[in-house]
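The listed protein sequences derive, respectively, from chains U and B. Heads up, the final residue of the first sequence is numbered 219 in this note's numbering, and it's a clean run with no missing numbers. Heads up, the final residue of the second sequence is numbered 298 in this note's numbering, and it's a clean run with no missing numbers. From the three backbone atoms N, C-alpha and C, an ideal C-beta is built for every residue, glycine too. Step one of this worksheet: look at the structure below.
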Amino acid sequence: MGMNLVTELVEVRRSILSMAAIVEQQIDRAITALRSMDIALARLVKAGDDEINNLEIEIENECLRIFALTHPVAGDLRFMMAVLRINSNLERIGDKAKSIAKRIIDLVDCAPVRLPPALIEMAGKTRTMLGDALTALANEDADLGRRVRVSDDPVDALQREVFNWGHREIPAHVEATHAVIDVLSIGRALERVADLSAAIAEDVIFLVEGSIVRHQPPE
Amino acid sequence: MTTMTQRPVSPASTPPPTGPVQVTAAPPEVLTKRPAHTQAPRPAEPSVRTAITVRAFNAWYGSFQALHKVELDVPHCRVTSLIGPSGCGKSTFLRWINRMNDLIPIARADGTLDLHGIDLLSRNTDAVDLRRRVGMVFQKPNPFPKSIYDNVAFGPRLHFRIRRRDLEDLVERSLRAAALWDEVKDRLKSSALGLSGGQQQRLCIARAIAVGPEVVLMDEPCSALDPKSTARIEDLIRELRKDYTIVIVTHNMQQAARVSDLTSFFFEGRLIETGATADIFTNPRNKQTEDYVTGRFG
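As C-alpha cells, this is what we get:
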C-alpha cells in the first residue's frame with residue numbers, strides 16, 4: 001500500500017492543528033488591531049493570509065492521497081471527513097481576518113467614528129468561540145463542541161445591535177458614512193467567524209460521535 | 001497568545017515528528033480513545049422479515065468452544081456479511097447453517113438455529129433436503145468433472161423428477177441468473193473444467209441456485225479470483241439478493257462494504273456487533289469492531 005494509515009492520520013492531524021493555530025493567531029491579531037486601531041498589525045494580518053491559503057491546498061492534497069491509497073473507514077473515515085470540512089472552514093476564517101484587517105486600514109483614512117461597544121463585545125465573544133472550537137478539535141471534545149454551538153446566538157444578537165447603531169449613526173453623522181460601513185462590515189465578518197467556529201464545533205461532534213447535528217437547533 | 005499555550009495546537013508545543021516505528025509502538029491517545037458512542041442501537045431494517053434466527057447458539061469442536069452465545073437475525077432477501085480475523089468462528093457458523101459440520105464427528109452445537117421455522121440442529125431435519133434449501137459456494141471453485149450442463153443439472157436431477165425439456169429450461173434460467181449463459185450457451189456439453197476461474201465460480205453459483213434454495217452461503221467466494229471476476233461475482237450477489245437470502249464470509253472488508261446490507265463482526269468465537277453495513281463502516285458502536293475495520297488489528 002506504500003503508506004501507513006495510522007502514521008498518515010497523525011500527520012494530517014498535526015497539519016490541521018498547525019493551520020488552526022495560525023488562523024487563530026490571525027483572528028487574535030485582527031481583533032487586537034481593531035481595539036487599538038493598529039495599522040501595522042492590520043497590515044501583518046493582511047499579508048498573513050497567503051500562508052493559510054497554501055496550507056489549505058496542502059492539507060486537501062494530503063487528504064486526497066490518504067483517501068485514494070488507504071480507504072479509511074469508521075472513526076478514521078469520520079476524522080478525514082471532518083478534517084476536510086474544517087480545513088475549508090479555517091481557510092474562510094482566515095479570509096475574514098484579512099477582510100477585518102483591510103477595513104481597519106481603510107478606517108484610518110476615514111472621518112473618525114467611535115466604535116460601538118457591541119462590536120468590541122462581539123469581537124471578544126467571537127474570539128472565545130473560535131478558541132473553544134479549536135480546543136474541542138484538539139481534544140476531540142464533543143461536549144465543548146455543543147457549548148460552542150450554543151454561544152453563537154449572543155453573537156448574532158450583538159451583530160443586530162451593531163446594525164442598529166449603523167442605522168442611527170449614518171443620518172446623524174453623514175460625513176462618517178464610509179467609516180460606519182467599514183464598522184458594519186467588520187461586524188458582519190465577526191459574525192461569520194462565529195458561524196464558522198460553530199461549524200467547526202459541529203464537525204468535531206460528528207468526528208467523535210458520528211452524528212450530524214448541522215441544521216439542528218443546539219441542545 | 002495565552003490561549004494557545006494551553007493545548008497542543010501551536011507548532012511550538014507539537015511533539016517532534018515521530019517515525020512510523022514509534023507511532024505504531026505507542027499510537028497517540030487521541031487516535032485510540034475515539035468512539036465513546038452514546039447513540040442508541042440502530043436496527044438495520046426493522047420491517048424486513050427474518051430468514052434465519054439464531055439464539056444462544058454455541059458450537060464446539062471436541063472440548064474447544066468455537067462459538068459462544070451467538071444471537072443474530074439474518075434478514076430475508078438481504079446480503080449479510082460475516083467478518084473477523086482468522087479463527088474467529090465465522091466459517092464455523094456458516095458451516096452450521098447447512099450442516100456441513102455433520103461430517104465432522106467431534107463437532108456439536110446447541111441453542112437455536114432456525115431457518116423459516118425449520119430447526120437446523122435437529123437430527124430429524126434431513127441434511128440432504130436442508131442442503132437443497134441452503135446452497136453453498138466455496139472459496140475455490142469446485143465444479144464436478146462433468147459438462148457445464150451436467151454441473152447445473154446435477155442437483156435438480158437428484159432432488160426432483162423433472163422432464164428433460166423442463167430441466168433444459170431450468171439449466172438456462174440458472175445460468176442466466178448466474179450471469180454465465182451468454183458465455184457458455186454454445187458449449188454446454190464441454191467440460192466445466194475448461195472454464196476460467198471466475199466462470200467456474202459463477203457456474204458453482206448457478207449449480208447452487210438450480211435447486212431453488214432459500215439461502216445461499218458463500219465462503220470467501222472471490223478470494224481465488226482476479227479483480228475483474230470479483231467485480232462480476234459482486235454484481236451477481238447484488239442481483240441474487242432480490243430472490244435469495246445471502247450470507248457471505250469475507251476477509252475483504254471493502255467487499256463486505258460493497259455487497260452487504262448487514263455486517264456481523266466475529267471475534268474469538270463471539271459475535272461482537274451486527275449492524276447496517278453503512279453504520280459498521282462509518283460509526284461502529286464497539287471499540288473492537290472499530291479497531292478491526294480500521295485495520296488496527298486482525
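Step through the CB atoms of chain U and report whether any lies within less than 8 Å of the CB of residue i.
i, result
"Pro284 of chain B", "yes"
"Arg293 of chain B", "The amino acid occupying residue 293 of chain B in the given sequence is Val; Arg does not appear at that position. Interface residue, yes."
"Gln255 of chain B", "no"
"Gln39 of chain B", "Caution applies to Gln39 of chain B, whose pLDDT of 40 falls short of 50 and renders its modelled position unreliable; the value that the coordinates give is listed next. Judged by the 8 Å Cβ criterion, Gln39 of chain B is in contact with chain U."
"Glu290 of chain B", "yes"
"Phe265 of chain B", "no"
"Pro28 of chain B", "At Pro28 of chain B, the pLDDT of 37 sits below 50, so the modelled position is not reliable and the matter cannot be decided from this model."
"Ala278 of chain B", "no"
Would you mind working out which of the options sits nearest residue i, comparing C-alpha positions?
i, options, result
"Leu115 of chain U", "U:Phe163, U:Glu60 and U:Cys63", "U:Phe163"
"Ala51 of chain B", "B:Leu217, B:Arg164 and B:Val128", "B:Leu217"
"Asp195 of chain U", "U:Gln159, U:Arg14 and U:Met19", "U:Gln159"
"Phe227 of chain B", "B:Arg163, B:Asn58 and B:Asn252", "First, the amino acid is wrong: residue 227 of chain B is Pro here, not Phe. Measuring from the Cα of Pro227 of chain B, the nearest candidate turns out to be B:Asn252."
"Arg101 of chain U", "U:Ile200, U:Met37, U:Asn4 and U:Ala172", "The displayed chain sequence assigns Ala, not Arg, to residue 101 of chain U. Comparing Cα positions, the closest option is U:Met37."
"Gln288 of chain B", "B:Thr277, B:Phe267 and B:Pro145", "B:Phe267"
"Leu69 of chain U", "U:Arg29, U:Val155, U:Val6 and U:Leu184", "U:Val6"
"Ile233 of chain B", "B:Cys222, B:Lys242 and B:Asp243", "B:Cys222"
"Ala257 of chain B", "B:Arg270, B:Val74 and B:Ile237", "B:Ile237"
"Phe281 of chain B", "B:Phe265, B:Gly269, B:Leu271 and B:Arg131", "B:Phe265"
"Gly253 of chain U", "U:Leu90, U:Leu77, U:Ala198 and U:Arg192", "Here chain U covers residues 1 to 219 and nothing more, so residue 253 of chain U does not appear."
"Val158 of chain B", "B:Gly212, B:Tyr292, B:Val70 and B:Trp96", "Per the sequence shown, the amino acid found at residue 158 of chain B is Leu instead of Val. Closest by alpha carbon: B:Gly212."
"Ile272 of chain B", "B:Ser147, B:Lys69 and B:Ser91", "B:Lys69"
"Gly89 of chain B", "B:Ser174, B:Gly269 and B:Glu183", "B:Gly269"
"Leu203 of chain B", "B:Arg99, B:Asp150 and B:Gly117", "B:Asp150"
Short check: CB of residue i to CB of residue j, under 8 Å?
i, j, result
"Ala177 of chain B", "Leu225 of chain B", "no"
"Ile52 of chain U", "Val12 of chain U", "no"
"Ala192 of chain B", "Gln200 of chain B", "yes"
"Arg55 of chain B", "Thr112 of chain B", "yes"
"Ala142 of chain U", "Val208 of chain U", "yes"
"Val148 of chain U", "Met122 of chain U", "no"
"Leu9 of chain U", "Phe79 of chain U", "yes"
"Thr294 of chain B", "Thr277 of chain B", "no"
"Ile120 of chain U", "Ile27 of chain U", "no"
"Arg127 of chain U", "Ser185 of chain U", "no"
"Pro156 of chain B", "Leu170 of chain B", "yes"
"Asp114 of chain B", "Asn58 of chain B", "no"
"Val204 of chain U", "Val113 of chain U", "no"
"Ser190 of chain B", "Ser147 of chain B", "yes"
"Ser91 of chain B", "Asp219 of chain B", "yes"
"Leu137 of chain U", "Ala20 of chain U", "yes"
"Leu90 of chain U", "Val180 of chain U", "no"
Taking only beta-carbon atoms, is residue i less than 8 Å away from chain B?
i, result
"Val12 of chain U", "no"
"Val183 of chain U", "no"
"Leu190 of chain U", "no"
"Leu55 of chain U", "no"
"Gly124 of chain U", "no"
"Gly145 of chain U", "no"
"Gly210 of chain U", "yes"
Please list, in chain order, the chain U residues whose beta carbon lies closer than 7 Å to that of residue i.
i, result
"Phe297 of chain B", "The premise fails here: Phe297 of chain B is roughly 12 Å from chain U at the closest Cβ pair, so nothing lies under 7 Å."
Closest Cβ-Cβ distance between residue i and chain C: below 8 Å?
i, result
"Asp76 of chain U", "Going by chain labels, chain C is absent from the structure shown, which instead holds the protein chains U and B."
For a contact defined as C-beta to C-beta under 9 Å, what are the partners of residue i on chain U?
i, result
"Phe281 of chain B", "Val73, Ala74 and Leu77"
Note down, in chain order, every chain B residue with its Cβ under 9 Å from the Cβ of residue i.
i, result
"Leu41 of chain U", "Going along chain B, no residue has its Cβ under 9 Å from Leu41 of chain U, so there is no contact; the nearest lies around 13 Å."
For residue i, go through chain B and note every residue whose CB falls closer than 7 Å to its CB, in chain order.
i, result
"Leu5 of chain U", "Gly295"
Within the chosen definition, does the stretch 96 to 116 of chain U reach the stretch 33 to 46 of chain U through at least 3 CB pairs nearer than 8 Å?
yes
Taking one C-beta from the stretch 77 to 87 of chain U and one from the stretch 15 to 29 of chain U each time, how about it: are there three or more such pairs within less than 8 Å?
yes
When you compare the stretch 248 to 264 of chain B with the stretch 81 to 88 of chain B, are there three or more beta-carbon pairs, one atom per stretch, that lie closer than 8 Å?
yes
Are at least three pairs of beta-carbons, each pair with one atom in the stretch 119 to 127 of chain B and one in the stretch 135 to 154 of chain B, less than 8 Å apart?
no
Can at least three beta-carbon pairs, one atom from the stretch 91 to 106 of chain B and one from the stretch 57 to 68 of chain B, be found at a separation below 8 Å?
yes
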